[in-house]
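Numbering (this note's numbering), first residue to last: -8 to 246. We put the beta carbon where it would ideally sit given N, CA and C, even for glycine. The model shown is predicted, which means the values in this text are computed figures rather than measured ones. Below is one structure, written out as structure tokens, with a few remarks after it.
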């Protein structure tokens, strides 16, 4: 019984490409369209990738930029191969029997369709192989980002964030005198603004802080991320406008 549709094909069932193409003008047209389409996709992808590299979000959202660059090429390649496959199966190429009469050999059109299916599998494999490293890199960067936030919290803010930490957190002084501080000294500090600042920075003999912090915003982590993105965008702007130490305008995407 003849199987319906296009299934897997074993190695050795394929004839050479010239033999397959010589069997049908429609196959020749489909093959030419495949080659021209692949060349066109390559040219368009090269220009598109260069355009992506020159855009601001390539620096502000690098993981998204890499994802777009790696996903667009296989998307169009799959669309091209699938279109040709549909063309083959909806034209007169499949009006004949799938098996050549009196033999177990597949006809050229079906063999060519199976070649296209194999190309689809290769494209999907290539895509997965390129997207997995992006996901792993994104995970590693997220870990480093959390570490940076923790450093920012432990340092009570960075020197270039314009007091962001104290806009996100309010320090609550301890209600009792720290063990390694005299009670009179503690009471003197707690009554003045400068004294409270000193107590906030105070460390015990074991290097521990005193007091606690209450959140002034719903999500301090997100506020910190916005601040860091703003600083990077300012740096990016200074680079492309020439307001930097070199005094030269830098072109995005150009090494």
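For a test of the three-state rule: what should DSSP assign to residue 168, helix, strand or coil? For this step, residue 168 is matched to residue 177 along the chain shown. In the structure shown, residue 168 sits in coil (DSSP, three-state: anything other than H, G, I, E or B).
Applying the criterion that 16 or more other CB atoms from any shown protein chain within 10 Å of the CB defines a buried residue, is residue 228 buried or exposed? One-based indexing of the chain shown puts residue 228 at position 237. Per the 10 Å Cβ criterion, exposed.
So for residue 200, helix, strand or coil by DSSP? The residue given as residue 200 occupies position 209 in the chain shown. Three-state result, residue 200: strand.
Roughly how many whole angstroms lie between the Cα atoms of residue 243 and residue 225? Indexing the chain shown from 1 puts residue 243 at position 252. Indexing the chain shown from 1 puts residue 225 at position 234. One C-alpha to the other measures close to 14 Å.
What alpha helix (DSSP H) runs, 4 residues minimum, are completely inside the region 95 to 170? 99 to 145, 155 to 159
Pairwise C-alpha distance: residue 77 and residue 112: Along the chain shown, one-based indexing puts residue 112 at 121. Along the chain shown, one-based indexing puts residue 77 at 86. Rounded to the nearest angstrom, the two C-alpha atoms are 16 Å apart.
Should residue 24 and residue 75 be called a contact, given that it needs their Cβ atoms to be closer than 8 Å? Taking the first residue of the chain shown as 1, we reach residue 24 at position 33. Taking the first residue of the chain shown as 1, we reach residue 75 at position 84. The answer is yes: Cβ separation under 8 Å.
When DSSP builds the beta bridges, which residues end up paired with residue 194? As a position in the chain shown, residue 194 is number 203, starting the count at 1. Bridge partners of residue 194: 200.
Under DSSP, the alpha helix (DSSP H) around residue 220 begins and ends at which residues? On the chain shown, position 229 is the one that residue 220 refers to. 211 to 232 is the span of the alpha helix (DSSP H), which, as asked, contains residue 220.
Would you identify the three-state DSSP class for residue 179, choosing helix, strand or coil? Here residue 179 corresponds to residue number 188 of the chain shown, with the count starting at 1. Helix.
What did DSSP end up calling residue 188 once you bin it into helix, strand or coil? The count along the chain shown starts at 1 and reaches residue 188 at position 197. Helix at residue 188.
Of the listed residues 55, 79, 45, 118, nearest to residue 67 (C-alpha basis): In the chain shown, counting from the first residue as 1, residue 67 sits at position 76. Measuring from the Cα of residue 67, the nearest candidate turns out to be 118.
Segment contact, 8 Å Cβ cut-off, at least three pairs: the region 150 to 161 with the region 202 to 220: yes
In chain order, what residues of the same chain lie with their CB nearer than 8 Å to the CB of residue 92, ignoring the 5 residues before and after it? In the chain shown, counting from the first residue as 1, residue 92 sits at position 101. Summary for residue 92: the model assigns pLDDT 49, below 50, so the residue's position carries little reliability, and this model does not support an answer.
With 16 other Cβ atoms within 10 Å as the buried cut-off, status of residue 42: Mapped onto the chain shown, residue 42 falls at position 51. That one is exposed.
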